[in-house]
Amino acid sequence: MQNQVLRLFHSGVSCWSSSLNKSLLSKLRKKTGFTFANCRKALEVNDNNIEKAEKWLQEQAQALGWSKLSKLEGRVTAQGMVGIAIDGRNAAMIEVNCETDFVARNKNFKEMIDLVSSSCLHHAKINKKNTEPICKEFLDTERMKSLLAPDGKQLADHVALLVSAVGENVSLRRAVCIAVSDNLCLAGYAHPGSSEENSVMSGKYGALLMYSALKSNVTTQHTSRQLCQHVVGMNPKTIEKDETHANRNVEAVAAKATEKNVENQHNPETEQEAEFTNDNDIENNEETAMLSQDFLLDATVTVKQVVSEGGITIHDFIRFETGEKLQEEVKDPEPRAQQMRVHPLLGAARVELEVVRQLFCSVRRCFCCGCCAGSKITRKATTMGMRDLKRAVSREMNDSINNVDPAFKLVPRNSTAFLIWRVENLTIVPVPKDQYGTFFEGDSYIIYAASAPGQFVGPGLKNQDVRGPLETHIHFWLGEETSQDESAVAAYKTVELDDYLSGSPVQHREVQGSESPRFKSYFRNGMRLLKGGVSSGLHHVMDTFEPRLFRVKGRRTPLVRQMPAIAWQHFNRGDVFIIDTNDVIFVWIGSGANSMEKLLATRVAIQLRDEHNAVSIVFVDDGKEMELPESERLLLGVYLDLSPTARQAVKRNAGDDQQVERFERSTLKLYQCSDEDGTYKVVEVKSGPLFQSDLNSNDSFIIDNGALGIWVWVGKKASPKERVEAMRNAYGFVKKKQYPNHTPVSRVVEHGEPVEFKALFLNWTDKDITAAKPQFNRTNSVNNNKTKPVATKLDAASLHATPSLAAETQLVDDGSGETVIWRVHQSQLIQVPNSLHGVFYGGDCYLIHYKYSAIGRESHVLYYWLGLQSSVTEHTAVAFHTVAEDEKLDGIATQVRIVQGKEPPHFLAIFKGRMITLLGDHNESFPSKYLLQVQGNRMHNARAAQVPFRMSSLNSNDVFVMVNGSSCYIWCGKGSTGDEREMAKSIALKISGPEFVVVYEGQEKEDFWSTIGNKEPYANDKRLAEPSNPVPARLFHCSNASGSFKVEEVLNFHQIDLVPEDVMLLDAWTSIFIWVGYKSNKEERTGAIQLAFDYLRTDPNGRDEKTPIIQLKQGHEPPNFTGFFGSWDIHLWESDKSFEEVRHELEGQKPVLQVELKLTNGVHDFDECKKYPIQDLLPKDPEKLPESVDPLHKELHLSHPDFITAFGMKYEDFAQLPKWRQENLKKAAGLF
C-alpha cells in the first residue's frame, strides 16, 4: 500500500510538471508574494502567461479584499500608526488604523504607511496655493480613499489588498497636507522611532511644525526637531497664552467633517468630540500654551527661551496621536454591556480594560472589590460571556505586552530582579551583567530593582518568585555629559516601563553626583564612572588598554570616577587617586584624605589588579614620590612629571568638598495637584508635620522636602493625566522653587510607598495589615492603645538569644538587675536610698546605674533622667557625671538620655511599673495630699505622674490614685482596662499599703467628692489613639564636620555597615541610638549626643526632641539594638584590619619591579596602521573620523613625513617619551 501511495504521488507530480513551467511559478511567487497554490492556479488558468497570471491574482485578491473589508468594516480600529513625509516646503501627516498592535508592526502595514504618506505628500504638492504662507488641507476617510497611488490605483484598492493579507480591518482615518511659502520651514517628528530626512517617519505619535528662522543651519534644524518632540510629549493647545488662533477655524470646519466620518465608521451610536480643537475649546493658560510650557528636554527653561535663543518663530503646529478619541471612557457601564451582547467579545477587535475588570470582578465574586459597585452588568450576562471574557483579557494583556519596548519584555512580573539598560542611539539596550555598576558620564541609564519589601537588591541577585507584593523601583540615571535626547528617551522609557508594570513602581530621577541613598545601596562594591559615552564612541571596553586616572570617594561604597587625563591638575590633597597602568596599580594618597577613603581605594586597587592580572600595587604618599624605589619612580614618571614645579598644580582640596551646600532642613510642605476643571493646579495644603490622612486617593500630591528631595504621591483614583505627568510636574515645581537642578525627584503611587516616603509622616498604616506586631515601645506617652500581654519570657537570657524580640519590646532584660540611683544636688551626686527607688521629682536630675549579666558577661546601662522643671546647670552636671561613671567602667556602658514623660520600656521595667513622678524639687517625704495619673498596663509601660489636686485633672480614659492623709482612693475611669487598674493597685500598695478604696466613675460617694474639692467638668471623651509610625528602623551616618549638619541614609543595612571609623545613628522612632565606632575621631565621639539633637531638630516630620537618646559603643551593643540588624556576629570586628595593616600586608607581597628603559606604546605597531592625511584626523567627534581610526591614538594613522611635520620628531623618539609628554604634544598638534 505504501508503494502504491508513493507511485500515485509521484505520478501526480509528473503530470503537474508537464503542464506548468517551474521557473515561471517561482518567478510569479517572488514577484507577487502570493501562496504557492494561488500562483499555480493563476498560471494554469492563464496558460503560463505570467503577465496575465499576475493581473488575475491582483483582481482575485482585490475582490477577496473588498469582500473581507465589507465583513470587517464594523470592527473598531483603535491601533495603527501615524506617518509623516516632508519634502522641502511640502509635508503630509497621516493616520492609518488597524485592530491590533501586532498588525501595526507588520511589514505590510508599514509599507501602507509609506504609500499613504507619499500619496498625500504628492497631493500637497499639486494642490499648493502660492497666495497663502501656510496652505493646509485636511482629508477625511473618503477623500483619502480616492487619492491615487504612484501605480495609478486608488488608496482604497490598496487598503482592500492589505485587509486580504492581514485578515483585520484597516481604515484610512485622517490626513493633513501642508505647503508653505519660501520664507517658512517645516519640521516633523514621530515617536517612537524615526527615519532619515526626506523619508517617511512613523510612530504612535506625530507632530508637524511650521516655523521661520533667522538662520537656516544644522543647529536650527536640530532645535526644530526638538520642538516637535515637545509637541508630541507636552501636547500644547496653542502657541501663546490668550492666543485667538483665528487661522484654526479652517481646521475646525475640516475636522468636523473628518470626525463625522470617523463617527459613522467607528461608533454610530455614540457622538464623538471634534478631532481638531475649536477656538472655544482651547484652554488659554500657561499649562497648554506652548511658549509658556517648560521645555520637555530641559525643564529649567521654557519653550519661549529655546526659540528665542535659536532665532526661531513658531507659526503653527499639528499633533496626531494614534487612536485618540476612539477609546474614550463611557461613564455608564450599561451601554457597554448592551453593546457587548450585540457584538460578543469574541468578535470584538478591542475591549476596554474597564469593562473587562468589571466583568472579572463580577464573575469571581459579586462586586468583590467594590470597583464595579453600581454596575448593572448581570450575572447572566457575565456567565454567558465567560469564554469570551478570558479571550478578551488575554488579548488586552497581549496588546499591553506588544506596546512595550522589546527590551522590557524580559522583566519578570512576580519575582525579584535587578536589570539595567542604557540609551544607545535613542533606543534601549540591556547592559551586560558583568558591567553592572559601571556608568559612562555621557550616557543615560534605566535601572529596575524588584525585591520583597525591605530586602536587599542589587547586581548578582538571583530571580526568585515572591508571594505577595513586590517592592519595585525604576531609576533613570543621567550622566553629566548625556545629551538632551538621551535624557528625554530615558525619562520617556521609564514611564513606558512603569505603565507596562501597571503603574506600581516608584520612579526616581538620578543625576550624576547626587544619587539617592537607595540607588547607591544597590552597588555594594561601588560605582565606577568612566569618561565618554555612546555618542563619543567611548562606550565599551577597548581592544587595547589605555592608562587611566581614577578618583575614589565614599565611606561605605566607593565612588570611582575616571578623570579626564593623568595630569597633576586633576589631583587634590583631600582625596585618594588610582593610576591604572594595566601592569601596575599606583595608589596616590592625598595628605588630607580620611582613613575610610584610603581603605576603600585599597579595595578598589585590589579589584583592578585582579581584573587584569596586574603585577603589583604601589602606594604613593603625597609629596614622597621621589622616595619611591628607583624602578617604581621610573615607571610613575612615565605618566606624571615628578618635578616640584609640575607638582604645584595639585589642588589643596577637592572643589566639590569645598562647595558644600549650606541649608537647614526646611519644614515639610504638602501641595495638592488637581486637573478637575481641565487646568492643572498646584495648591499648598499645609506645612508639616504630615499625617497619612492628609492624602486623598482622588488626587495627586507633592511633598516638598526642600533641596533634600521632592516626592509626588499619586492616588489610586487620580486621573490618567495626573499619573502620567506626575514626574514632569515635579520638575517644573523644582524649577519654580529655584531648587538645585540635581534635587532628587521621586514618584510613588498609593499602596506602593517605600520606607523613605513613609518616614516623612508622623503616622502611617499600610493597607490590608490585619495584625500588626505589638508596639510595646509606643506606650511611653498618653494614648489609648491597649497593649496585649506578652507570653514570651523577657529575662536577659531570652532577650539576648532572640534580639529581634528585644528590639521589638526595647528591653534588655526584665529589670531584675542591680540598680544604684543618684540625685544631682548642687552639681554633686547624692545617692538615693533603696526605699525611694522609683520616686522622681520633676525639678531634679538623676543618674541611674543598672548592671545585669547575660551570655557570660556583665553589662552596664547608665540612664540620666532630666526632670521637666530642672535647670540647665543640673543637665550639664548629670551629663558630666554620666561620662565620668562610664570612664570608671572603662567606657563600656550604654548611655541613655531620658526626658521626663518619655521613659523607655526597660527603664520602667526596672521599677516594675511603679515609677512615680512628683511635682517640684526633692523632698524627704511625700506630700500630705496629691493626685497621681496612672497610665500603662504592664510593668514595662506603666508609670504614675502627679497632676493638680482637683476634679478637672480627672480623665475617663485613665486610672487615678488620690491620697489625702491616711485616705487612699483608686478612681477608675470608664475607658480604663482591668490591666491598667491592676497597675494602679500596685502603685497604691507602694504608697499606702493595702488600705485603699476602689471607686468607679459614676459610682462615687460623697466622701470622694468632698476630698477632691468642688465639682467641675473633666475630660470624658474617648481619647484618640496616639499617632504611630510603624516604619522600620533606619540607619544614618551623621556629620557636622563641614559646618552644616548632614545625614546620609544607609538602606538595607546590616552589621557590616557599622564602620569602626564612624559614628552612626539608628532611628527606631521611639528611641534614637547613637553607635560609636572605636576608631571614630575624638570630635565625633564627644559630639555624638549633639548629633542626635541635630537629627531630631532637623527631622522634617516634626519629631519630639524629648525622644530618648541611647549612646552605645562598638563591641558592647545591647540586644534591643542588635535586634534591628538581623543576624549579629559578635566576632565580626575581631578580624577587621585598618588601612595601615592592609597596606603593610600588600607591600610585603609586592615583587621587585624590573622596568625596561625602552617603553612601547602597547597599542598598535605604527607601520601596521592605515594612514590618512592629518586633516582627516583633526575632528574631535569620533563619528567624523575614518572608520578604522582609533580616536585615542590618532597619531598612529599619520604617515612618517606627516608625523615629523606634526610632532617635530620621528615616531620612534615619540614612543620613548613619558605618557604625559606624549599627551601634551598630541594636544599641541590637535590630535588629542
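Under our numbering, the residue at position 1006 of the sequence shown is numbered 1156, and the numbers go up by one with no gaps.
Even glycine gets a Cβ: it sits at the ideal position worked out from N, Cα and C.
Alpha-carbon spacing of residue i relative to residue j, whole angstroms
i: Leu1058; j: Tyr1002; result: 15 Å
i: Val1097; j: Lys1052; result: 17 Å
i: Lys1330; j: Val1339; result: 12 Å
i: Ala909; j: Thr915; result: 11 Å
i: Ile263; j: Val232; result: 8 Å
i: Lys104; j: Cys335; result: Residue 104 lies beyond the range of the chain shown here (151 to 1382); nothing can be said about it.
i: Gly773; j: Trp738; result: 10 Å
i: Gly1298; j: Gly1273; result: 40 Å
i: Phe589; j: Gly629; result: 8 Å
i: Tyr650; j: Thr388; result: 31 Å
i: Ile200; j: Ser173; result: 11 Å
i: Ser1106; j: Lys819; result: 36 Å
i: Trp1159; j: Arg1093; result: 25 Å
i: Asp290; j: Ser666; result: 51 Å
i: Val309; j: Lys295; result: 8 Å
i: Gly704; j: Tyr672; result: 14 Å
i: Met1112; j: Val1147; result: 10 Å
i: Val905; j: Gly317; result: 51 Å
Where residue i falls, given that 16 or more other Cβ within 10 Å makes a residue buried
i: Asn879; result: buried
i: Gly1143; result: exposed
i: Asp1157; result: exposed
i: Tyr339; result: buried
i: Thr438; result: buried
i: Thr281; result: exposed
i: His273; result: buried
i: Met776; result: exposed
i: Val195; result: exposed
i: Asn803; result: exposed
i: Gln798; result: exposed
i: Val579; result: exposed
i: Glu1267; result: buried
i: Phe1030; result: exposed
i: Glu1333; result: exposed
i: Asp1279; result: exposed
Nearest-angstrom Cβ-Cβ length linking residue i and residue j, presumed shorter than 8 Å
i: Leu1282; j: Gln1205; result: 6 Å
i: Pro386; j: Met351; result: Incorrect: roughly 20 Å between the Cβ atoms, too far for contact.
i: Gly604; j: Asn247; result: Not really, about 46 Å apart at Cβ, beyond 8 Å.
i: Val1209; j: Gly1227; result: 6 Å
i: Ser321; j: Thr250; result: Wrong, their Cβ atoms sit about 13 Å apart, outside the cutoff.
i: Ala241; j: Leu271; result: 7 Å
i: Phe736; j: Val770; result: 6 Å
Check whether residue i and residue j have beta carbons under 8 Å apart
i: Ala868; j: Asp849; result: yes
i: Ala591; j: Lys670; result: According to the sequence shown, residue 591 is Glu rather than Ala. Not in contact: Glu591 and Lys670 (Cβ atoms no closer than 8 Å).
i: Ala640; j: Phe626; result: yes
i: Gly859; j: Thr893; result: yes
i: Arg723; j: Ser741; result: yes
i: Leu1262; j: Phe1223; result: yes
i: Ala946; j: Val962; result: yes
i: Ile236; j: Thr373; result: no
i: Tyr789; j: Pro697; result: yes
At what residue ranges does the stretch 970 to 1001 contain a whole run of the alpha helix (DSSP H), taking only runs of 4 or more?
-> none
Entirely enclosed beta strand (DSSP E) segments - the stretch 652 to 689, minimum 3 residues = Within the stretch 652 to 689, the runs of beta strand (DSSP E) that reach at least 3 residues and sit entirely inside it are, in chain order, 656 to 661 and 677 to 680.
Scan the stretch 704 to 757 and note each continuous beta strand (DSSP E) run of 3 residues or more that stays entirely inside, going in chain order.
-> If we require 3 residues or more, the beta strand (DSSP E) runs fully inside the stretch 704 to 757 come out as 709 to 712, 726 to 730 and 734 to 739.
Starting from the N-terminal side, write out each stretch of the beta strand (DSSP E) that is 3 residues or longer and does not extend beyond the stretch 849 to 887.
-> 850 to 854 and 860 to 864
Where are the beta strand (DSSP E) runs, 3 residues long or more, that stay fully inside the stretch 609 to 645, in chain order?
-> 621 to 628
Scan the stretch 989 to 1074 and note each continuous alpha helix (DSSP H) run of 4 residues or more that stays entirely inside, going in chain order.
-> Inside the stretch 989 to 1074, DSSP marks whole alpha helix (DSSP H) runs of 4 or more residues at positions 1022 to 1038 and 1055 to 1060, from first to last along the chain.
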